[in-house]
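Chemist: Residue numbers for the sequence shown follow this note's numbering, beginning at 325 and rising by one.
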Amino acid sequence: MQKLTNKEEEIMHILWKLEHAFVKDVMAEIKTDKPHYNTLSTMIRNLEDKGYVSYEAFGKTHRYFPIVTKEAYRNKFMNTAIDNFFNSSYKNVVSFFAKEEKISVDELKEIIRLIENQE
325 MQKLTNKEEE IMHILWKLEH AFVKDVMAEI KTDKPHYNTL STMIRNLEDK GYVSYEAFGK
385 THRYFPIVTK EAYRNKFMNT AIDNFFNSSY KNVVSFFAKE EKISVDELKE IIRLIENQE
């Protein structure tokens, strides 16, 4: 599974949300920095080449849909990020967010409760 560019990830989030979409539908969901229609169409075809999307043909028009789930993509690249930036340590991940004040004490307690309740 190849890493996607930021714009490709944005397109995938739209396709995950819509489930099936024509290029014009994806274009309507892009809020800022809208690419030209042909550029967007090329980016979606690149996602197809990378194995992330497929399509149903309706004459000359294609309706695209994701074939890689959001969960599969997230798992692959979160694990890669944790391996590369946190020495494969989830403790280091949580510690990083705590130091950056991106996670509250209450959220940490909730995480502990979730872990304790998995048994």
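Don't be surprised by glycine CBs; every beta carbon is placed ideally from N, CA and C.
Does the pairing of the stretch 396-403 with the stretch 354-361 give three or more beta-carbon distances under 8 Å?
Modeler: Output reads no: the stretch 354-361 does not touch the stretch 396-403.
Chemist: Between the Cα of residue 325 and those of 428, 371 and 436, spot the shortest distance and give me the residue it belongs to.
Modeler: Answer by Cα proximity: 371.
Chemist: Assuming the contact rule is C-beta atoms closer than 8 Å, residue 367 and residue 332 should be a hit. Round their C-beta distance to whole Å, please.
Modeler: Indeed they touch by this definition, with Cβ atoms about 6 Å apart.
Chemist: Output the residue ranges of the alpha helix (DSSP H) runs that lie fully inside the stretch 374-423 and measure 4 residues or longer, sorted by chain position.
Modeler: Counting only runs of 4 or more, we get 394-410 and 414-423.
Chemist: Residue 345 bridges to which residues according to DSSP?
Modeler: Note: residue 345 sits in a beta bridge opposite 388.
Chemist: Roughly how many angstroms lie between the CA atoms of residue 373 and residue 382, to the nearest whole one?
Modeler: Each residue's Cα considered, the two are about 19 Å apart.
Chemist: In terms of alpha-carbon separation, which member of 392, 384 and 440 lies closest to residue 328?
Modeler: The candidate whose alpha carbon is nearest that of residue 328 is 392.
Chemist: Output the distance between the C-alpha atoms of residue 430 and residue 419, rounded to the nearest integer angstrom.
Modeler: Roughly 15 Å separates the two Cα atoms.
Chemist: If you check the beta carbons only, do residue 388 and residue 422 fall under 8 Å apart?
Modeler: For residue 388 and residue 422, no; Cβs fall outside 8 Å.
Chemist: If we ignore side chains and look at the alpha-carbon of each, how far apart do residue 414 and residue 408 end up?
Modeler: The straight-line gap from Cα to Cα measures roughly 12 Å.
Chemist: So, with DSSP's three-state summary, where would you put residue 431?
Modeler: In this structure, residue 431 counts as helix in the three-state DSSP scheme.
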